[in-house]
Amino acid sequence: MCPVSDLRCVTRMVQSWFPCRQGSRLARKWIMISPSAEVAARLHAAFDVIEAGADPVLKPSDRADLQANGALPLAKRLGRDAREVAAEVLERLDLAGICDQVELSGPGFINLTFADSYLAEQLAAMARDARLGIGRAEHPETIVVDYSAPNVAKEMHVGHLRTTVIGDCLVRILDFLGHDVRRQNHIGDWGTPFGMLIEHLIDVGEKEAAHELSVGDLNRFYQAARASFEANEDFRNRSRRRVVLLQSGDPETRRLWRLLVDESVRYFDVVYEKLGVLLTDDDIVGESFYNPMLPDVVSDLAAKGLLIEHEGAKCVFPAGFTNRKGEPLPLIVQKSDGGYGYAATDLAAIRDRVNRIGATRLLYVVGTPQSQHLQMCFAVARMAGWLPDNVSAVHVGFGNVLGPDGRMLKTRSGESVKLVDLLDEAIQRAASAILSRGEEESGGARHIAGEGEPALSSVARMVGIGAVKYADLSTDRTRDYVFDWDRMLAFEGNTGPYLQYAHARICSIFRRGKESFDRGAPSAIPIPPKLGHPQERALGIALLRLVDVLDETIATYSPHKLSTYLYSLATTFTDFYEHCRVLVDDEVLRRSRLLLSELTARVLALGLGLLGIEAPERM
RNA sequence: GCCCCAGUAGCUCAGUGGAUAGAGCACCGGCCUCCGGAGCCGGGUGCGCAGGUUCGAGUCCUGCCUGGGGCGCCA
């Protein structure tokens with residue numbers, strides 16, 4: 003199996019592209035800008051002389067720009083003095099033109115300070131590149147991302163928020179890094195509930211049912227079906243017969259089923275559109291798609307001798323899973339009544355994704371409660387040979403969305419919150435936040451007021467949806483997080499609106515200075531910026547971390563690492579902005595600072611874009 | 001009972017085995033004639049508990065405590 007760190011191709015590429023004294027290999031189709039990776043490559047070379055493959059343990063430092071701690075563990079292994087080993091590394095270390103200070107400190111730390119000229123050149127190169135120095139993967143993978151997965155004829159609720167937002171973010175980043183990303187929306191469009199739903203559809207009338215479903219009144223439809231099922235013996239019998247008809251392919255039943263699916267999908271599209279995610283109808287590969295493959299899944303498992311019949315059910319017992327009595331825990335593939343469990347569908351999906359799609363990596367953006375189920379499916383798929391060693395499967399799990407009371411977010415009446423209601427409230431709250439800022443002396447709405455009502459509603463949508471997404475993507479996905487309107491919509495702190503505002507303010511500097519830039523194109527002023535002030539230098543270094551941050555973000559599928567970086571970049575820019583006036587008379591200095599400002603805006607716009615958040619130029 | 005996840009400042013959260021654990025919010029006191037206040041400076045006995053590994057532990061290991069979740073035919 004590929005380790006997760008395989009996606010850390012970015013750093014590895016840099017290391018292989020910038021080896022010592024092999025500058026000719028720089029002539030590549032695209033560039034990759036990462037000063038720390040450059041330094042790492044040279045440190046590796048120096049450490050290799052002492053012990054091949056020794057890790058320099060390079061980190062950002064508060065005592066210099068970078069620090070290499072690798073001499074300490076290496077000295078320990080060799081039974082030598084750490085300062086002595088570090089000194090030997092320094093003798094072999096060639097950082098000419100890159101660092102102008104390299105010093106040995108403490109018990110064996112190596113502190114490294116970049117030469118301003120090097121940083122300035124790297125920033126100019128970053129500005130020249132439409133992709134801001136982010137290269138494409140040398141060996142692109144085909145990566146399936148399974149996310150969102152709502153159920154037909156059931157409301158999309160707050161529980162679908164995280165999978166959809168996180169999954170979409172990972173898709174955007176992987177795609178940007180040059181991988182072949184395949185979105186898979188595994189909707190719940192099959193199973194016994196459809197007998198009940200189709201019978202209810204018949205009772206209500208097709209036209210009325212289609213209307214209810216397409217406008218998003220899914221809860222009422224589902225609950226009414228459920229109520230009939232529980233209250234009415236005749237309805238129950240009809241429903242059961244209908245399930246049999248559906249599974250046997252009865253044309254009229256299939257037509258009614260298709261009606262349910264199509265109307266639901268139409269509604270999902272409305273929600274996706276509002277949320278601003280990439281998912282389209284082409285990404286829908288529902289459970290029904292795998293239905294014809296299930297018998298083959300079972301027979302193949304049987305042929306491989308993995309299937310064990312237990313209490314009438316056909317099961318596989320992967321090693322390492324036990325139940326509450328300590329007995330082996332089965333993955334039930336076929337139920338005792340002959341029906342297929344969802345495990346069978348998941349196994350069929352793995353086979354399909356590996357064989358038909360040709361995936362080398364499978365990501366499942368699914369809540370942590372499903373962890374055991376997915377691990378069992380992966381284990382069985384490996385036993386069956388459906389998941390070869392060169393294909394990895396990863397559960398990208400996430401925690402719950404909690405209300406202010408610290409419990410799962412619910413409405414006052416205790417129902418789950420409709421996702422579409424939540425999004426509408428976000429947009430409405432954003433609009434009033436923007437308007438109330440406009441009433442203050444120098445606040446925001448007047449800056450877009452001239453563009454009329456559509457501009458306000460457009461910005462409100464970007465800010466409101468962005469706030470919800472950012473709140474979700476700015477904390478470690480494995481933890482639960484508390485949903486708090488006031489905090490996520492604040493223009494201060496680590497929030498979406500703050501970052502959007504930072505971006506808009508930089509755009510404002512350009513407007514005032516009668517300057518402009520194109521966020522998706524090479525800069526018009528790709529000059530090496532002056533880094534004489536500490537704040538200019540700090541901003542430059544922050545900008546040059548972008549590639550490393552994306553690398554770290556995708557290595558653990560943790561969007562919050564990108565969020566944290568963007569926030570720190572914005573605060574670093576604020577410090578620069580306070581100390582270094584951009585629109586000065588000195589033309590050289592003005593262009594230099596405009597370049598730093600432009601790069602910051604472009605990094606913010608790109609980073610927010612990768613999170614699935616839009617960055618308006620005015621707000 | 002077994003397994004998984006989480007526990008860091010009053011609150012919400014960062015924190016690659018490295019040197020003195022950081023932000024934001026809230027609170028108090030000062031400051032700023034300035035590109036849209038994105039403000040600035042000062043004010044804190046915080047890593048659930050106890051062991052262990054290590055030159056070095058918020059981070060790794062073991063046990064416990066607390067909270068959430070999962071544990072055979074729903075998906």
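Residues in the first sequence are numbered from 3 upward in steps of one, following my numbering.
Heads up, the beta-carbon is just placed ideally off N, CA and C, and yes, glycines get one too.
Return the CA-CA distance between residue i and residue j, expressed in angstroms with no decimal places.
i, j, result
"Val206", "Tyr503", "49 Å"
"Arg65", "Asp587", "35 Å"
"Gln249", "Ile334", "20 Å"
"Arg409", "Val419", "13 Å"
"Pro109", "Arg85", "6 Å"
"Ile136", "Leu545", "12 Å"
"Asp118", "Arg595", "15 Å"
"Val300", "Leu364", "22 Å"
"Arg547", "Leu601", "12 Å"
"Phe323", "Met378", "8 Å"
"Pro528", "Leu121", "13 Å"
"Val465", "Tyr342", "44 Å"
"Glu616", "Val470", "12 Å"
"Ala89", "Arg431", "59 Å"
"Glu313", "Thr255", "33 Å"
"Leu533", "Asp550", "21 Å"
"Ile100", "Leu610", "30 Å"
"Leu179", "Lys327", "47 Å"
Mark residue i as exposed unless 16 or more other C-beta atoms lie within 10 angstroms of its C-beta, in which case mark it buried.
i, result
"Gln69", "buried"
"Asn71", "buried"
"Asn402", "buried"
"Ile467", "buried"
"Pro530", "buried"
"Ser150", "buried"
"Glu143", "buried"
"Asp170", "buried"
"Thr282", "exposed"
"Asp553", "buried"
"Asp148", "buried"
Looking only at its chain, what residues have a beta carbon closer than 7 Å to the beta carbon of residue i, apart from the 5 residues adjacent to it on each side?
i, result
"Ala506", "Pro618, Glu619, Arg620, Met621"
"Arg514", "Leu585"
"Gly522", "Ala132"
"His581", "His535, Gln537"
"Lys306", "Ala386"
"Asp57", "Gly72"
"Val267", "Asp283, Ile286"
Give the secondary structure of residue i by DSSP, where H, G and I count as helix, E and B as strand, and everything else as coil.
i, result
"Pro62", "strand"
"His46", "helix"
"Lys276", "helix"
"Ser394", "strand"
"Asp148", "strand"
"Gly542", "helix"
"Ser438", "helix"
"Asp185", "What sits at residue 185 in the sequence shown is Arg, not Asp. It is a strand residue."
"Lys420", "strand"
"Ser560", "coil"
"Met410", "strand"
"Ser119", "helix"
"His535", "coil"
"Pro330", "strand"
"Asn153", "strand"
"Arg363", "strand"
"Arg620", "coil"
"Cys317", "strand"
"Cys509", "helix"
Ordered along the chain, which non-local residues of its own chain (more than five positions away) have a Cβ less than 6 Å from that of residue i?
i, result
"Ala433", "Ala462"
"Met128", "Ile35, Leu134, Gly135"
"Ile429", "Ala462, Arg463, Gly466"
"Val87", "Ala73, Leu76, Ala77"
Go through its chain and collect everything with a Cβ distance to residue i's Cβ below 8 Å, but skip five positions before and after it.
i, result
"His562", "Leu475, Ser476, Thr477, Asp478, Arg479"
"Glu289", "His188, Ile189, Gly190, Asp191, Trp192, Gly193, Tyr344, Thr347"
"Arg228", "Met198"
"Val104", "Leu92, Leu95, Leu97, Ile112, Asn113, Leu114, Thr115"
Worksheet item: Okay, do the region 213-221 and the region 153-169 touch, 3+ Cβ pairs below 8 Å being the bar?
Response: Three or more beta-carbon pairs drawn from the region 213-221 and the region 153-169 are found closer than 8 Å, and the two stretches are therefore classed as touching.
Discussion item. For the structure I just gave you, are there three or more beta carbon pairs, one from the region 390-400 and one from the region 354-371, closer than 8 Å?
Written reply: yes
Worksheet item: Are three or more beta carbon pairs between the region 573-580 and the region 231-238 nearer than 8 Å?
Response: no
Worksheet item: Within the chosen definition, does the region 490-503 reach the region 548-563 through at least 3 CB pairs nearer than 8 Å?
Response: no
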